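Chains as they are written, first to last, in the numbering used here: chain F, 28 to 746; chain D, 15 to 626.
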């Protein structure tokens, strides 16, 4: 058995050597297997040979070990026969022909001749000529790297030799397991990826987020420094989120949901959730739920960072631009992974062997995994390494805990401030620019801020104005109110000019209605007042009270604004929804398109009541009156003003004296009933004619009588 | 023109020739055998007459223009140098001390001129210009004639004038009655009708007849001058308002449910159920429209000549109980509880204008006869006078101790306000000026709170309906002293009234013509005109009124070579181009100036950029 063993170990060694010699071929792990199988077979053969030693020389038939569909001469195996089958034997003719013997000899001779060795080979490698080469050789020598033929370093060779067969087997088994696991994992991932249920993904994500949160909580309790790091991470993630514009209902999914949201309650809820999430994520320093990719990103960022608080400045400097960091690291990683197969194996193995007791297979596994990752997208990098890494980093990050605590305090303060600012925003509806506070007393000022009027409409303003004026009119001393006003004024400063402008117009209207006009001194005062003084006073009071509430001015201005809006010419929108892009319920044509096809209505003439705050003049065309007006200009007039001048004087007897009326209405042609009207003659017009031709000319075109004709006419008349 | 008389005197033979050249147009009914010369001398034809008139008028116009330029207030005298030798010589040989037509005061003429010369016309063709000249000459002539006929308006308005410093408001009715003649004194009277509640009253358009209706159903009409009762009935229903229609023969009464129409005998002619719960009535005499404002918020126009409802407009402002008409343009003014006064015409579904007048509701509205001023009083105890000529701004405002519940304008612009049981009257400085609210002109206390007010047309009388009956009080200077005998004659007979009725019906103005500017009919519908033009251009394919491109005239003696033609064309084109450039430059400069004028107001502050 010892011999057996020996043979086995020898075989294994040779195999290993083979493997090591061809590191590139580690992918082709099949060859290894084959080798393994061969060994086994050999071993079996040997055993058989030994067993056959006891007399019974039974020849075993060759059996087929692999399945094949065809049994043919091409798949012949020589196993079991105990002798090797050589192709040359098969090719040889059964009988040797003498004619070919000479040729064969010649060929053999040629074969036996050795090829000329290149003389340069060794010297070239050994001798480095250029400085770069020298450097490289130096480096290689220093690290005891193989320069020439043996590709393994001595250390590697040693380690290889140190490994026993069992170990090798164990390694192999481990490797196999890892591979299997990997394939399982891969399959699982693929399966999970195929799952289309959003709910499932949601649940998974939520679970992850919860888990992360729990972990963070635990971490905070156990290790504040690490927690701080984590917090930083979270912050980073939040920043990324803010930059990434995710969860803003602008993606494809969100758009599709937006369409459905009108009808589907669930979709609406989903959208709202999304929005809430966005809000949550974009809020400053809230524990964000990390998604896979974010984690990965932050992980990468973290890898670069020096964990100490001292270096935070630098980190912060880097902080605002996570993209740069990310891209940078990812680039390097990518480059590394690309270069992996050629360069990395040695140093990595080296590293592994140096740092820990772990040996090659681990590195191999890592390599394998990385390769696997390479095939996958960058985002889906495996968690295995990531899970391992933070644990390692945490240990190193255990620095002065006091500093961390102070940091935490600072953070907490920040949080508080943020909360306050948010409150403020909420109170001022976000439209007003943040008011610069002079004294740090936010609690006191908040109610005031809340009291501030929202600049939604001018009407409120108006009302306030009116009230103020009322107060002024009444001349009631109101110190409290004035104080408030004085306090308010600095706050309103940016809006002050606008207010003033508004005031200028409106005060006019106020003046119109509220000016105290001098009362009339009447000799005869109405008796009712004398008789029932108190009642009258009561009544007056009642009237005032009754009309204090409904602000006449406000109503009127509102009505006027509406009327103005209604009378404005409308723009014509010629956009065809769905023309050149997708259309449907809830889908709007793009802004660009709308802008392009919007025909703006020309600005009409200014309204007549533009500068009259208390008047609303109807600008509609009175079509009934227009029906009675002249709409065609008569002949000699070219402009309607000219014609209007001629019709402005009335000719009726109501507006004129009898004589003028008669004169204005005298007919141009007076006819007398009962008389025959003869046709017109040239003499009637004022020409005496003798020749017929002349007459015809005149009759045809009496206006255009040329000078020649006139002359002729004159002549004829003289005659 | 100036040479015309000279030539007539110097060269008599020339006149003959002139006559031969310009013969008098022969009328077709005149015998052809009549020799032309004889005809000229025998019958004075109209044309000749016209020719005679024309130089006179032209002369006159010329002088008027001159005087207008010099802006002399005094009456321009007709120059004497224009003398017709033939007309000067009379039979007796005496000379006319005031030859020529009588002089006319410029201001009076101006009053009758209606052509708006404020707008400068674009350059017009000779033919157009001649037409315009003719129109202006006609206007001049007619206005002069009208001004001359002002002489016939013999009566003059009179006013109470206090003896140095005496307040006219202190003068009571009894004093006035004592001072005036018996006939005028008889116009002040009181009707004590305490039984049937506060009265509304209405005078007929001639001012001769008075109709009044008590809240408790008492309706009566009488000839208030002679105190002759025409009818007296009780409609057994609440009477809200009463109004004469176009003549005193018809009477519209707004009763509790419906609108009823009675004749002057008290016989019910119609019950108009489409006008229900009417609170106020107005009659537009030239359109024959009865406007009714109802509790339901509808303003209904009823054409009384055909008995049709012309328009029913929803005012959308709740109950309507304040209404008056603008006598100038027949627009109805409605007062609302939200302090606005809205102006209505039957042609429009929406108000023509809305004016915010008071903080409280509007209690009364009145418009003066020229349509210039509107008086409003509101629940805020204020009395305001608004200018209705486009601006709608209050001219004067006074706070009354008790607020005015009723307002009315007289024909000559006196304003009366009924406050409780007191009536205050304010007068303006002149006829066209608004009443000044500083000092009341007259005051009077009645036996009950005022319920209706109206000045009697063509009389210095104010009728006041109150809870104690009717009071007719004398207000000197209230009425128009001269009436138009053809239009509204207080002394007309029955036959004359019938005649007038027919004529008025013939001259009825269509209801659609009611709008803010009553002279809109003398304007061209520009929008339709433009539209028509555009359509014509489209139809023809070119603009027939466009200026034709310049075509050089052919010239002789080799100057019409192609090169010279082109040169001439180019010259014209260049000139046009230069004109255009000049114009645009001018416009630019003007704009620049405007900008400068704006910017010089104040230096822009650095903070201005924040002004939004």
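Ideal Cβ positions, reconstructed from N, Cα and C, are used throughout, including at glycine.
Only a predicted model underlies this, so the values are computations on that prediction, with no experimental measurement involved.
Could you pull out every residue in the same chain whose Cβ sits closer than 7 Å to the Cβ of residue i, ignoring the five residues on either side in sequence?
i, result
"residue 333(D)", "309 and 311"
"residue 385(D)", "340, 341, 342, 343 and 402"
"residue 239(D)", "222"
"residue 587(F)", "643"
"residue 294(F)", "284, 287 and 288"
"residue 208(D)", "482 and 483"
So, with DSSP's three-state summary, where would you put residue i?
i, result
"residue 410(D)", "strand"
"residue 296(D)", "strand"
"residue 681(F)", "coil"
"residue 662(F)", "coil"
"residue 250(D)", "coil"
"residue 593(D)", "helix"
"residue 609(D)", "helix"
"residue 187(F)", "helix"
"residue 276(D)", "strand"
"residue 600(F)", "strand"
"residue 513(D)", "helix"
Would you report the Cα separation of residue i and residue j, rounded to the nearest angstrom?
i, j, result
"residue 325(D)", "residue 436(D)", "37 Å"
"residue 68(F)", "residue 75(F)", "10 Å"
"residue 220(F)", "residue 187(F)", "41 Å"
"residue 4(F)", "residue 500(D)", "Coverage of chain F is limited to positions 28 through 746, which leaves residue 4(F) absent and any answer about it impossible."
"residue 17(D)", "residue 147(D)", "Caution is warranted here: a pLDDT of 35 is assigned to residue 17(D), below 50, making its placement in the model unreliable, and no coordinate value can be reported."
"residue 155(D)", "residue 145(D)", "15 Å"
"residue 247(D)", "residue 212(D)", "16 Å"
"residue 9(D)", "residue 680(F)", "Lying outside 15 to 626, the shown extent of chain D, residue 9(D) is not represented and no answer is given."
"residue 388(D)", "residue 368(D)", "13 Å"
"residue 475(D)", "residue 612(D)", "55 Å"
"residue 4(D)", "residue 667(F)", "The structure shown does not extend to residue 4(D), since chain D spans only 15 to 626, so no value can be given for it."
"residue 592(D)", "residue 570(D)", "29 Å"
"residue 699(F)", "residue 690(F)", "19 Å"
"residue 199(F)", "residue 243(F)", "38 Å"
"residue 430(D)", "residue 599(F)", "54 Å"
"residue 230(F)", "residue 603(F)", "42 Å"
"residue 593(F)", "residue 235(F)", "57 Å"
"residue 7(D)", "residue 540(D)", "Any property of residue 7(D) remains undetermined from this structure, which presents chain D solely from 15 to 626."
Near residue i, what residues of its chain come up, given a Cβ to Cβ distance below 6 Å and the 5 sequence neighbours on each side ignored?
i, result
"residue 257(D)", "216, 266, 295 and 297"
"residue 32(D)", "With a pLDDT of 41 at residue 32(D), under the threshold of 50, the predicted position of this residue should be treated as unreliable, though the coordinate-derived value follows. So no residue of the chain qualifies."
"residue 356(D)", "348, 365 and 368"
"residue 158(D)", "118 and 123"
"residue 280(D)", "245 and 247"
"residue 232(D)", "210 and 248"
"residue 206(D)", "483"
Counting only the same chain and skipping the five closest in sequence on each side, list residues whose C-beta sits under 8 Å from that of residue i.
i, result
"residue 150(D)", "129"
- Query: Taking one C-beta from the segment 662-674 of chain F and one from the segment 136-147 of chain D each time, how about it: are there three or more such pairs within less than 8 Å?
  - Reply: yes
- Query: With a cut-off of 8 Å, do at least 3 Cβ pairs link the segment 685-704 of chain F to the segment 166-180 of chain D?
  - Reply: no
- Message: With three or more beta-carbon pairs closer than 8 Å as the criterion, would you say the segment 445-455 of chain D touches the segment 468-477 of chain D?
- Response: no
- Message: Any C-beta of chain F within less than 7 Å: which residues of the segment 429-454 of chain D qualify?
- Response: 433, 434, 435, 436, 438, 451 and 454
- Query: According to a CB-to-CB cut-off of less than 7 Å, which residues of the segment 228-259 of chain F neighbour chain D?
  - Reply: none
- Item | Given 8 Å, three or more beta-carbon pairs between the segment 531-539 of chain D and the segment 264-282 of chain D | no
- Interfacial residues, the segment 358-373 of chain D to chain F, with Cβ spacing under 8 Å: 359, 361, 362, 364, 365, 366, 367, 368, 369, 370, 371, 372 and 373
- Against chain F: residues of the segment 114-135 of chain D by CB proximity under 7 Å: 128, 129, 130, 133 and 135
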